[in-house]
Amino acid sequence: MGDVIDLSSFTRSRDGGRAEMDLALEGVSCGGCIARIEGGLKRLPGIDEVRVNFTNRRAHVAWTKGVTSPEAIVAEVERLGYGAHPFVAQQVEDDEAREANRLLRYLAVAGFAAMNIMLLSVSVWSGNVSDITPETRDLFHWLSAVIALPAVAYAGQPFFRSAFGALRVRSVNMDVPIALGVLLATGMSLVETINHAEHAYFDSAVMLLFFLLCGRYLDRAMRRRTRAVAGNLAALRAQTAHRVQKDGTVVEVPASSLRPRDTIIVRPGDRLPADGVVIAGTSEIDESMVTGETARRALKGGETVYAGSLNFTGALTLRITAAGERTLLDEIERLLDNAVKSKSRRVQLADRAARLYAPLVHTAAALTLTGWLLAGAGLHASVMAAIAVLIITCPCALALAVPAVQVVAAGRMFRGGIILNSGDAIERLAEVDTVAFDKTGTLTLPEARVTNAGLVARDMLETAARLALSSRHPLAAALAREANERRMFEDVSEHPGEGVSVEIDGRAARLGSPAFCDAVWTANQYGAASADSLIAFRHGDETAIFVVQQTLRPDARAVVQALRGRGLAVCILSGDRAEAVAPVAAALGIEDWQAGLMPGRKVELLRDLKARGKRVLMVGDGINDAPSLAEAHVSLSPITAAEISQAHADAVFVGQRLDPVAEALAISRDARRLMTQNLLLAVIYNAIAVPIAVAGLVTPLIAALAMSGSSLLVTGNALRLSFAWPFRKAEAGPPTETRQAKLAMP
Amino acid sequence: MNVLVYLLPLALGLGLIGLFAFLWSLRSGQYDDLDGAALRVLEDDDVTPDRLR
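Top to bottom, those sequences are chains A and B.
With the working numbering, you'll find the first sequence wraps up at 746, consecutive numbering, no jumps.
With the working numbering, you'll find the second sequence wraps up at 1053, consecutive numbering, no jumps.
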């Protein structure tokens, strides 16, 4: 090909004539790879700095401008045997990283304060039952105050800010009782310290912050890792396009730099990088990514085509109408808007608990105050008892109950090849009772396969597959996957629209249409119905016909049965023709299927199901599925899906198998059970602690024990999830696919 | 109880040293690539073959 891609849009200039760039790496799997890439790149002239990050499979490179170029750097990494894809980190990812670091700083400060105040507090507690002098106790309390006040003011910020935000819009979230409890504990302790009292609660306030920040940080770290994976995958999938410049020359540019009214050339075998109108050329295109329809459509000048379609037979010249983030049918975008809005109205489990909890606690505190006053206790004693109620009910365990489980569940899904887009997807997955599958690319593998490979002589298959490596035709790409030897034959000549030919062992070999290979008679035996998916091969006098078709994912049948076994209804909603959907439905034993659905109709069907009280999990990949993915109660996409679909799915799964769908459901059901258990534990804790507080018997020692005890209990219960065994391990066979999936991810 | 005069500042001082060491390590990016750090330690490229013998 020899084209040079213009990578300047991925580089950033720095002072002193230097430039830098980030690369997403492919194939980095061991420590040796780090050394090979760093060492290899440093040998290039002009490289100032190379740093491989193994955790998120990325490299940062800085170089002196003019001495070397980004193109040379990418080429060098590829020569070393790795994939290198330049990318610009998205804003969300940067924000996520900064937020995680900030939380870690808060956590460090809270941890330091908790340790030192506890050191002082334990001395006071043991002194109170032995021989501490009031002066020493005061000194210890004042020291605690000096540490606690700045620590609370600094490390409590995330809670104060969130609580204030909720109160300003006249609502209550979990952070309101937390902020109130921490502030009251600190304030009251200060007053008590000034009054030379026996008890101060600085340790409770700071320890509370420490535990809660642990939960927040884990949650954030999990999300940050997901974002990094998503960013890498986007870079790996990034397309290039051939743009016709004003002077008529053709340059290869990243698809992200295309603009409307640019003219591009799409060669056979390429995916369309943007929406456009055909201005020259004729071809057939496969629009299954856009509509789900697997039959090819013949194109002529003036027709509109959409990004994601695959160009088959001829070169096309397009004028771009929409590029980048606007590569969508208007209707799909409108549908998406509606669906996304309706989903965000859902209230999460933890917030529902908080709405119930906060008023309850505050009423209890008020009743304690009035009760003690009526009983004739002094104002000071009554206020103290009421504040003790607020401190001890500060929902440490409650705030950890759900996030702790979410973090563990997300980690287990990650290992199973499922990447969550949103944390509350776990709760929604657990409620699912109906699973709706798209067909093309979801139940079937995203790429077509040679289905009769086993019936062709081994050496014929191997030679044909190696020859197919030289062709750009999409059918040839399917055949090329069968090749063991990945080296191309030399001196292959290409016959546009017909096939490729070469001489092997002194005999002529041809690969292409049946007519080109003089094998029409053999091809006819396969029937006319599949004529558009046949490749013929002739080597000397021998001929072979290869049938290239969509095939089911290897474990699709087992997964559908497993889902049924767990009491879920399964159906297919496809945009493809009925003739294409029926055999798939029959093979999987799914009676409930619909074909030829437009995107809007899919959404309507999902609404119908919702109206009948069904909770639907939608699994789909095409651009036409994006609105239904957003509309469904919860949704999954394979990693090969269109970008817009991935963005609107709640989770994305990797690999060729379908079992992540079943596994996601199993894990989320386990998680849901643990969340409920955890909330129950928190309630039991309160049932014991509140009466003690109302009775005015809470000492700082009891408060500290109760709070850390309940937090550890809840976290420990959440950790049980990571030891649970996936339900279908026994029937899954050798987990090669899973291992591949793991290698592909950090 | 006079021992408190230097024991307390000592305890707090040690804690503060730990805190600042952590904040420094955070700022210098030592937690950005935890998996890579575990593998880099096993590299022996800096050991020439003569020194191995």
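Ideal placement from N, C-alpha and C gives every residue a C-beta, glycine not left out.
Check whether chain B comes within 9 Å of residue i, counting only Cβ atoms and requiring the distance to be less than that.
i: A/C30; result: yes
i: A/L139; result: yes
i: A/R105; result: yes
i: A/V129; result: no
i: A/F54; result: yes
i: A/N232; result: no
i: A/V191; result: no
i: A/V229; result: no
i: A/M413; result: no
i: A/M174; result: no
i: A/F112; result: yes
i: A/L658; result: no
i: A/N794; result: Since the first residue of chain A shown is 1 and the last is 746, residue 794 of chain A is not available in this structure.
i: A/T136; result: yes
i: A/L328; result: Bear in mind that a pLDDT of 46 at A/L328, under 50, signals an unreliable position, so the number given afterwards is only what the model happens to contain. No, no contact with chain B.
i: A/V109; result: yes
i: A/I418; result: no
i: A/I37; result: no
i: A/N116; result: yes
i: A/L143; result: yes
i: A/I147; result: yes
i: A/N624; result: no
i: A/L588; result: no
i: A/N101; result: yes
i: A/L119; result: yes
i: A/I34; result: yes
Rounded to whole angstroms, how far is the Cβ of residue i from the Cβ of residue j, which I believe are closer than 8 Å?
i: A/V67; j: A/P86; result: Not a contact, Cβ separation roughly 18 Å.
i: A/I572; j: A/F437; result: 5 Å
i: A/S668; j: A/A649; result: Actually they are not in contact, since the Cβ atoms of A/S668 and A/A649 sit about 15 Å apart, beyond 8 Å.
i: A/R553; j: A/R657; result: 6 Å
i: A/A24; j: A/R51; result: At roughly 14 Å, the Cβ-Cβ gap does not stay under 8 Å, so A/A24 and A/R51 are not in contact.
i: A/A662; j: A/V559; result: 5 Å
i: B/D1032; j: A/N53; result: 6 Å
i: A/S710; j: A/A682; result: 7 Å
Chain A beta carbons: is any one of them nearer than 9 Å to that of residue i?
i: B/Y1006; result: no
i: B/L1023; result: yes
i: B/L1054; result: Since the first residue of chain B shown is 1001 and the last is 1053, residue 1054 of chain B is not available in this structure.
i: B/R1053; result: For B/R1053, the predicted structure reports a pLDDT of 48, less than 50, and the residue's modelled location is therefore unreliable. A value from the coordinates is still provided. No, B/R1053 does not count as interfacial toward chain A.
Thinking just about the alpha-carbon of each residue, which of the options is nearest to the one in residue i?
i: A/I419; options: A/V169, A/G655 and A/A385; result: A/G655
i: A/S256; options: A/L7, A/A666 and A/K614; result: A/L7
i: A/L400; options: A/G17, A/R57, A/E96 and A/L679; result: A/L679
i: A/T715; options: A/L212, A/G622 and A/S189; result: A/L212
i: A/D608; options: A/A626, A/E631, A/I623 and A/D621; result: A/E631
i: A/D48; options: A/Q594, A/V435, A/T64 and A/A693; result: A/T64
i: A/A228; options: A/S470, A/G613 and A/D22; result: A/D22
i: A/A315; options: A/L374, A/E293, A/A322 and A/I279; result: A/I279
i: A/I264; options: A/M115, A/V560 and A/A307; result: A/A307
i: A/I504; options: A/T463, A/A562, A/Q646 and A/L617; result: A/T463
i: A/G301; options: A/N524, A/R223, A/S283 and A/D95; result: A/S283
i: A/T451; options: A/A430, A/R161, A/L475 and A/S130; result: A/L475
i: A/T434; options: A/D592, A/V28 and A/H495; result: A/D592
i: A/V182; options: A/A388, A/T321, A/Q525 and A/S171; result: A/A388
i: A/L568; options: A/K602, A/A430 and A/A641; result: A/A430
i: A/P583; options: A/A108, A/Q550 and A/R466; result: A/Q550
Can you have a look at residue i and say buried or exposed, based on whether 16 or more other CB atoms are within 10 angstroms of its CB?
i: A/Q157; result: exposed
i: A/V305; result: buried
i: A/S204; result: buried
i: A/T363; result: exposed
i: B/Q1030; result: exposed
Run down chain D in chain order and give the residues with a C-beta less than 8 Å from the C-beta of residue i.
i: B/G1018; result: Any reference to chain D falls outside this structure, whose protein chains are A and B.
Would you check whether the ligand FAD has a heavy atom nearer than 8 Å to the C-beta of residue i?
i: A/R510; result: Inclusion of the ligand FAD in the displayed structure is not the case, the ligand content being empty and no account of it being possible.
Evaluate contact between the region 401 to 410 of chain A and the region 587 to 598 of chain A, counting only Cβ atoms and requiring at least three cross-stretch pairs below 8 Å.
no
If you pair each beta-carbon of the region 693 to 703 of chain A with each one of the region 667 to 674 of chain A, do three or more pairs fall below 8 Å?
no
Three Cβ pairs or more, each shorter than 8 Å: is that satisfied between the region 408 to 417 of chain A and the region 538 to 548 of chain A?
no
Quick check: the region 120 to 129 of chain A against the region 176 to 196 of chain A, are there 3 or more CB pairs under 8 Å?
no
Counting Cβ pairs closer than 8 Å, one from the region 104 to 119 of chain A and one from the region 1026 to 1042 of chain B, do we hit at least three?
yes
Under 8 Å, with one C-beta from each stretch per pair, do the region 245 to 255 of chain A and the region 216 to 225 of chain A reach the 3-pair mark?
no
Any chance the region 141 to 160 of chain A sits against the region 193 to 203 of chain A, with 3 or more Cβ pairs inside 8 Å?
yes
Does the region 289 to 301 of chain A come within contact of the region 490 to 510 of chain A, defined as at least 3 CB pairs closer than 8 Å?
no
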